[in-house]
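Below is one structure; the comments refer to it alone.
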Amino acid sequence: MSFTILHCVARAGTLVSAAFTLMALLAAAHAAVPDIPAVEGPVTGPGEMQPGIRPGPSGTNLQDFGYIMEEYFVSGIAAGQPYKTRLLLRKPPNPNRFSGVLVGEPTHRGGNGLICQFARFGIGQRGHACMTVAARRINLTNPATPGAGLYEFNLERYGSLRVADNQTNEIIAQVGRLLRENLAGGPMGQYVVRSIVLTGTSDSSGATRTYMSSGPMLDHADLRMPDGGPIYQGYFVSSILGGALVRRSPTRRSSRCRRSSSCTAATVFAAPTATSRPTVSAATRCRVCRTTTRARTRRSPAARTRISASFRTGR
99 MSFTILHCVA RAGTLVSAAF TLMALLAAAH AAVPDIPAVE GPVTGPGEMQ PGIRPGPSGT
159 NLQDFGYIME EYFVSGIAAG QPYKTRLLLR KPPNPNRFSG VLVGEPTHRG GNGLICQFAR
219 FGIGQRGHAC MTVAARRINL TNPATPGAGL YEFNLERYGS LRVADNQTNE IIAQVGRLLR
279 ENLAGGPMGQ YVVRSIVLTG TSDSSGATRT YMSSGPMLDH ADLRMPDGGP IYQGYFVSSI
339 LGGALVRRSP TRRSSRCRRS SSCTAATVFA APTATSRPTV SAATRCRVCR TTTRARTRRS
399 PAARTRISAS FRTGR
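Using the working numbering, the letters of the sequence shown map in sequence onto residues 99 to 413.
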């Protein structure tokens, strides 16, 4: 009797192992590993750089923590067409201060990285870094908002940049892979990136949500690291223009999050598992280890904003 039971258990284990192997093979077949883009920079001219962030009260800005700001141009092929665009990095004053967490965001149509702007004080205290990528055509030319479009800000400096609307997700993926690979001589240099959280608020949250679960374009479930894991370890989006759920999909709710009415700005991440698209709820309060970057200071109304948000981990 006991031998029969052990035989059945062993056989069941073999079947389960085979099933997991098959799932991994299917996931790998489904995945598309994005190219690593070419990098030019740090760019120093001609003329003034579009800063990509609004300054706050003295003592709350990343430069007050000694942060280094660097601009790069990245280029490659996305959606079958060439592109060239801007990558803006803000890093602690030296690699020993870097937490390993990179807070990424597609550039807002207003020209800024708003999550890095709103949560700058907590980011600076904890030694996180910020990345903003101009992944959409509106980031290059936006005549309706003075200073937002890179062309309108400084055509001499940015006139060579080109982005098509259908390239956005692949550009975001290529930049993410570039930074995750920690290449010798890469834009992050000796700052070793462990995790990237892709964020956004209002307009830029729309770009992030499109990357999370697009439909017509390749997205989070398709664009993977060479080992099949996700390029971005988590997502944080706020001001999603409504209280509805963002495209439900069969991912598990993080045990670290619970239901509530609002969410303070946070860097949130989770370990990768399968290739299913992440789901975002408009009423989730995120409590994630001790990596929260609270968007509050005593002197800055923008930084005190409690952001109604939604989150599901990047699995």
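Every residue gets a Cβ at the ideal spot worked out from N, C-alpha and C, and that includes glycine.
What you are looking at is a predicted structure, and each value in this text was computed from that prediction instead of being measured.
Worksheet item: Mapping DSSP to helix, strand and coil, what is S302?
Response: Under the three-state reduction of DSSP, S302 is assigned to helix.
Worksheet item: Between which two residues does the alpha helix (DSSP H) carrying L277 extend?
Response: L277: member of the alpha helix (DSSP H) spanning T266 to R278, first to last residue.
Worksheet entry | Candidates A227, D301, G247 and G327, of which the one nearest L339 by Cα | Ranking A227, D301, G247 and G327 by Cα distance to L339 puts D301 first.
Worksheet item: Rounded C-beta distance between G225 and F251? I'm assuming under 8 Å.
Response: At roughly 30 Å, the Cβ-Cβ gap does not stay under 8 Å, so G225 and F251 are not in contact.
Worksheet item: Hey, out of G157, H206 and G143, whose CA is closest to G150's CA?
Response: Here the closest residue by C-alpha is H206.
Worksheet entry | Exposed unless 16 or more other CB atoms sit within 10 angstroms - verdict on D317 | By the neighbour-count rule (16 or more Cβ atoms within 10 Å), D317 is buried.
Practice prompt. Return the chain-ordered list of same chain residues with a C-beta closer than 6 Å to the C-beta of G284, the five sequence neighbours on each side being excluded.
Written response: Non-local beta-carbon contacts of G284 in its own chain, meaning distances under 6 Å to residues more than five positions away in sequence, are absent.
Fill in: Status (buried if at least 16 other CB within 10 Å, exposed otherwise) for A129
Buried.
Worksheet item: Under a three-way DSSP split, which group does V335 fall into?
Response: Shown here, V335 sits in a strand according to DSSP, grouped into three states.
Practice prompt. Tell whether a beta-carbon distance below 7 Å holds between M310 and Y289.
Written response: It is not a contact, given that the beta carbons lie outside the stated cut-off.
Fill in: Beta-carbon separation (whole angstroms), P190 vs Y165, contact threshold 8 Å
With 8 Å as the limit, P190 and Y165 qualify as a contact, their Cβ atoms being about 6 Å apart.
Worksheet item: Can you name the start and end residues of the beta strand (DSSP E) that E169 belongs to?
Response: Per DSSP, E169 is one residue of the beta strand (DSSP E) stretching across I166 to A176.
Practice prompt. Kindly identify the DSSP beta-bridge partner or partners of L187.
Written response: Under DSSP, the beta-bridge partners assigned to L187 are E168 and M229.
Worksheet item: Going straight from the alpha carbon of Y330 to that of P244, what length do you get?
Response: Those two C-alpha atoms are separated by around 32 Å.
Fill in: Residue(s) in a DSSP beta bridge with Q179
Answer is A176.
Worksheet item: Can you tell me whether DSSP reads R260 as helix, strand or coil?
Response: Here R260 sits in strand by DSSP.
Worksheet item: Residues in its own chain within less than 6 Å of M315 by CB, not counting five upstream and five downstream?
Response: Cβ within range, chain order: N267.
Item to complete: Could you tell me whether the Cβ atoms of L200 and V291 are closer together than 7 Å?
Response: Yes, the Cβ-Cβ distance between L200 and V291 is below 7 Å.
Discussion item. What would DSSP say about E146, mapped onto helix, strand or coil?
Written reply: If DSSP states are grouped into helix, strand and coil, E146 belongs with coil.
Worksheet item: Just curious, the beta strand (DSSP E) that G202 is in, first and last residue?
Response: Following the DSSP letters along the chain, one finds G202 inside the beta strand (DSSP E) bounded by residues V199 to P204.
Discussion item. Please return the same chain residues whose Cβ sits closer than 7 Å to the Cβ of S312, not counting the five positions on each side in sequence.
Written reply: The beta carbon of S312 sits closer than 7 Å to those of N267, all from its chain and outside the five residues before and after it, given in chain order.
Worksheet item: In chain order, what residues of the same chain lie with their CB nearer than 7 Å to the CB of Q179, ignoring the 5 residues before and after it?
Response: Cβ neighbours of Q179 beyond the five flanking positions: A262 and Q265.
Worksheet item: CB G145 to CB E254, shorter than 7 Å?
Response: Their beta carbons are under 7 Å apart, which means G145 touches E254 by this criterion.
Item to complete: Decide if F219 is buried, meaning its Cβ has at least 16 other Cβ atoms within 10 Å, or exposed.
Response: In the assembly as shown, F219 is a buried residue. Its beta-carbon has 16 or more other beta-carbons within 10 Å.
Item to complete: Drop a sphere of 10 angstroms on the beta-carbon of R350, count the other beta-carbons inside from all chains shown, and report buried for 16 or more, exposed for fewer.
Response: With a pLDDT of 32 at R350, under the threshold of 50, the modelled position of this residue cannot be trusted; read the value that follows with caution. An exposed status is given to R350, since fewer than 16 other beta-carbon atoms sit within 10 Å of its beta-carbon.
Worksheet item: If you check the beta carbons only, do P140 and Q272 fall under 7 Å apart?
Response: Contact: no.
Worksheet item: At which residues does the beta strand (DSSP E) containing V137 begin and terminate?
Response: Unbroken beta strand (DSSP E) run through V137: A136 to E138.
Item to complete: Answer with buried or exposed for S156, where buried requires no fewer than 16 other C-beta atoms within 10 angstroms of its C-beta.
Response: Burial state of S156 is exposed, judged by a 10 Å Cβ sphere holding fewer than 16 other Cβ atoms.
Fill in: Coil, strand or helix - P244 by DSSP
For P244, the secondary structure class from DSSP, reduced to helix, strand or coil, is coil.
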